[in-house]
Amino acid sequence: MTITKRQLLQLARIPEVLVFSTIQPVMFVLLFRFVFGGSISTGQPGGYVQLLMPGIFVQTVAFTLAATAVGLAEDMKKGLIDRFRSLPISRGAVVIGRTFGDALLNILVLTVMASAGYAVGWRPTSGGFSIFLAFLFLFMFGYALSWIGIYVGLAVKEARTVQSVGFLVTFPLTFLSNAFAPTTGMPRALQYFAEWNPVSSMVAACRQLFGLKNEFGATASSWPSQHPLETSLIYMVLLMVIFIPLSIRKYKNTSL
Amino acid sequence: MKSVIADHLVKTYRNGEVKALDDLSLDVEEGTVLGVLGPNGAGKTTTVRILATLLKPDSGIATVAGIDVIKHPDKVRELIGLSGQYAAVDETLTGWDNLVMFGRLYHLGKSASVKRAEELLERFSLTDSARRPIKTYSGGMRRRLDLAASLIVQPKVLFLDEPTTGLDPRGRQEMWEVIQELVKGGVTLLLTTQYLEEADQLADEIAVIDHGKVIARGTSDALKKQVGGERLEITVENVDIAKTQEIVARISTSAIHTDIRTISAPVTTGSIALMEALRALDEAKIHPLDIALKRPSLDDVFLSLTGHVAEETVAEPIKKKRGGKK
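As you go down the protein sequences, you meet chains A and B in turn. Under my numbering, think of the first position of the first sequence as 42, with each following residue one higher. Under my numbering, think of the first position of the second sequence as 71, with each following residue one higher.
Structure (structure tokens):
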């Protein structure tokens with residue numbers, strides 16, 4: 042818990058980081074809303090922004106992966122992790138603390154984004170509980186990815202490389218999905234990829250929970266596009282089941 | 071009682087291509103300071119990392135306060151403090167934040183952590199800058215804070231890995247004072263350094279290591295004796311050289327060496343020889359520019375032990391090892 046608190050304290054001491062980590066997603070909201078919004082017709086009431094917001098939410102939490110990885114790599118480089126490892130604390134505590142810290146930051150970022158979305162016309166039409174559930178999904182998805190971030194951070198070690206690796210993983214994943222444009226326009230092979238892409242299921246799940254008819258995803262009536270909620274849940278559980286023990290083990294065995 | 075024992079430690083990196091520790095053995099008597107002296111890449115950091123439970127040796131045994139480091143790392147961690155070459159504190163947080171955080175990580179309660187943090191800040195003269203982020207600290211202040219962080223639960227054994235590397239002379243002096251203060255408090259200390267002077271100043275005993283092996287150990291004095299005794303060195307004006315040589319020849323039985331205006335010769339009677347020389351010079355109305363009884367420096371020790379001066383060992387092609395210098 043102390044590790045989590047440290048991260049929050051870090052944010053308090055350098056508010057710039059907080060400002061910029063929220064400005065970026067807000068910028069995405071505005072850019073996509075006004076650049077693509079005009080040219081993509083959706084047939085949904087409320088226009089493109091309704092489809093866009095879930096996409097951007099998912100993209101933003103997906104970047105948690107890179108954030109966690111970079112943070113951890115920096116700590117390792119500075120020798121902070123060595124110091125933590127020489128303390129009589131449980132070996133999991135340091136990484137668990139970091140994932141919590143990043144998750145808490147996500148709550149804040151999501152709140153800011155939702156407000157920005159609201160300001161540019163985003164209006165979820167489902168009930169309060171569904172909306173809450175959607176945010177819970179986003180939060181959990183970010184948390185699960187955070188654990189991949191831990192693994193990447195420990196494996197790569199160099200903060201700048203980690204940054205690139207993080208983006209190399211998250212960028213194609215978020216764009217080869219239904220997040221910003223219908224998958225129907227993609228080459229056939231990519232369509233399959235996009236359908237099974239966890240990002241797509243997450244986006245579809247969120248759209249459903251925000252009260253949209255899910256148009257973008259269901260192109261080939263595959264199981265994931267038919268059952269986005271279940272698929273997303275399976276993905277999240279799967280990621281955590283694999284990466285939590287893997288990352289903790291990696292942390293225990295790692296030596297700089 | 072031995073507080074720290076490293077027994078035949080071997081550690082290789084890159085599947086045996088780079089031998090960091092090659093059958094290294096050393097020990098530290100409780101309540102004393104052992105200076106581990108060696109050039110970069112000699113295996114100092116690797117030794118500290120093994121003893122501080124951060125690294126497993128390929129073979130060999132290490133104990134701290136009688137506890138096996140490899141079998142019971144958790145117990146060892148409760149007894150040790152570690153401060154590395156790089157100040158391992160959170161730079162974005164303030165000094166106060168850092169110390170309180172480490173207190174909490176040592177399972178101290180909130181108020182106990184705060185109390186301890188304030189004590190340590192006071193003791194290391196950091197109270198004035200306690201509320202500033204570490205980023206704004208000078209190198210010396212960072213090191214002091216780092217050291218403070220390793221003292222939160224008064225460790226039985228303290229490991230300091232090159233505590234003054236990269237500090238300016240003033241920062242180094244301050245750090246030495248802080249360390250000397252600590253040693254008076256009775257902590258067992260293993261200190262690594264590349265500075266011969268530092269080991270001389272701080273350590274009760276010195277282990278010289280090179281290429282992953284201890285090549286000599288003993289007190290600073292013993293090591294120096296091993297290299298040779300004292301020399302009398304007198305520097306005079308050109309006109310006085312011949313006379314001075316005569317005087318020195320009377321005092322020293324061995325060969326006299328003259329280097330421009332400096333006449334030197336080995337002596338066996340120490341300060342008595344020095345006083346004799348002074349009296350003789352005074353009688354001859356010679357005013358020496360400089361006169362001294364020189365003991366061999368640790369640089370000389372290193373040179374005579376290894377055949378090379380204490381500089382970075384020439385790296386093998388893939389010496390860039392992961393466990394060594396970060």
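Think of the CB as a built atom: it goes at the ideal place given N, C-alpha and C, for glycine as much as any other residue. None of the values given here were measured: they were computed from a predicted structure.
Residue i: CB within 8 Å of a non-hydrogen atom of the ligand NAD
i        : result
Tyr176/B : Ligands displayed in this structure: none; no statement on the ligand NAD is therefore possible.
Three-state class that DSSP yields for residue i in the structure shown
i        : result
Glu87/B  : coil
Leu125/B : coil
Arg301/B : strand
Leu314/A : Chain A is shown only over 42 to 297; residue 314/A falls outside these bounds and no answer can be derived.
Glu275/B : strand
Ser183/B : helix
Ser95/B  : strand
Leu237/B : coil
Gly151/B : strand
Arg164/A : coil
Phe229/B : strand
Val223/B : coil
Ser73/B  : strand
Lys283/B : strand
Val257/B : coil
Gly288/B : strand
Val139/B : coil
Val22/A  : Any property of residue 22/A remains undetermined from this structure, which presents chain A solely from 42 to 297.
Val106/B : strand
Leu217/A : coil
Thr164/B : strand
Thr117/B : helix
Gly207/A : helix
Thr323/B : coil
Ile24/B  : Past the edges of chain B, shown from 71 to 396, lies residue 24/B, and the structure says nothing about it.
Pro203/B : strand
Leu79/B  : strand
Residue i: contacting residues in chain A (beta-carbon distance under 8 Å)
i        : result
Ile150/B : Ser127
Ala182/B : Simply none; closest approach about 13 Å.
Gly154/B : Gly120, Asp123, Arg124
Asp138/B : Near Asp138/B there are no residues of chain A at all, since even the closest Cβ is about 16 Å away, more than 8 Å.
Asp409/B : Residue 409/B is absent from the model: chain B starts at 71 and stops at 396.
Residue from the options whose Cα sits closest to the Cα of residue i
i        : options                                : result
Leu196/B : Leu221/B, Thr133/B, Arg214/B           : Arg214/B
Ala103/A : Pro239/A, Phe221/A, Ala246/A           : Pro239/A
Glu303/B : Asp280/B, Pro336/B, Thr323/B           : Pro336/B
Arg301/B : Val318/B, Asp310/B, Val80/B            : Val318/B
Ile191/A : Arg290/A, Cys247/A, Arg74/A, Val278/A  : Arg290/A
Pro95/A  : Leu280/A, Tyr276/A, Met243/A, Leu174/A : Met243/A
Tyr276/A : Arg248/A, Leu231/A, Trp237/A           : Trp237/A
Leu178/B : Arg202/B, Glu188/B, Val223/B           : Val223/B
Gly101/B : Met71/B, Thr263/B, Leu124/B, Ala347/B  : Met71/B
Ser367/B : Ala112/B, Leu293/B, Met171/B           : Leu293/B
Val159/B : Ala218/B, Thr235/B, Asp97/B, Asp370/B  : Ala218/B
Glu247/B : Phe194/B, Gln155/B, Lys89/B            : Phe194/B
Phe284/A : Ala108/A, Leu151/A, Ser187/A, Ser171/A : Ser187/A
Leu373/B : Lys81/B, Asp280/B, Arg202/B            : Asp280/B
Ile137/A : Leu113/A, Arg124/A, Ala160/A           : Leu113/A
Pro223/A : Gly207/A, Ala230/A, Ser241/A           : Ser241/A
Within-9 Å CB hit, residue i to chain C
i        : result
Asp123/A : The question asks about chain C, but that chain is absent: this structure's protein chains are A and B.
Listed by chain order, chain B residues near residue i by CB distance under 9 Å
i        : result
Ile130/A : Arg147, Leu175, Tyr176, His177
Proximal residues of chain A, C-beta to C-beta of residue i below 7 Å
i        : result
Leu124/B : Asp123, Arg126, Ser127, Ser296
Ala158/B : Lys119, Gly120, Leu121, Asp123, Arg124
**Asked** Can you find at least 3 beta carbon pairs, one from the segment 86-93 of chain B and one from the segment 254-273 of chain B, that sit closer than 8 Å?
**Response** no
**Secondary structure, beta strand (DSSP E): runs of 3+ residues fully inside the segment 330-374 of chain B** = 332-336, 360-364
**contact_flag[the segment 269-282 of chain B, the segment 100-115 of chain B] where n(CB pairs < 8 Å) is 3 or more** = yes
**Asked** Are there three or more Cβ pairs, one per stretch, closer than 8 Å when the segment 147-163 of chain B is compared with the segment 224-237 of chain B?
**Response** yes
**Prompt:** With contact counted as at least three CB pairs below 8 Å, one residue from each stretch, are the segment 127-139 of chain A and the segment 210-226 of chain A in contact?
**Reply:** no
**Request:** Tell me, please, whether the segment 137-144 of chain A touches the segment 153-163 of chain A by the rule of three or more beta-carbon pairs shorter than 8 Å.
**Result:** no
**Asked** Any chance the segment 335-354 of chain B sits against the segment 307-327 of chain B, with 3 or more Cβ pairs inside 8 Å?
**Response** yes
**Request:** Enumerate, from N- to C-terminal direction, the unbroken alpha helix (DSSP H) stretches of 4 or more residues contained entirely within the segment 137-198 of chain A.
**Result:** 169-197
**Prompt:** Do the segment 125-133 of chain B and the segment 72-83 of chain B make contact, defined as three or more Cβ pairs closer than 8 Å?
**Reply:** In this structure the segment 125-133 of chain B lies against the segment 72-83 of chain B, because at least three pairs of beta carbons, one per stretch, are closer than 8 Å.
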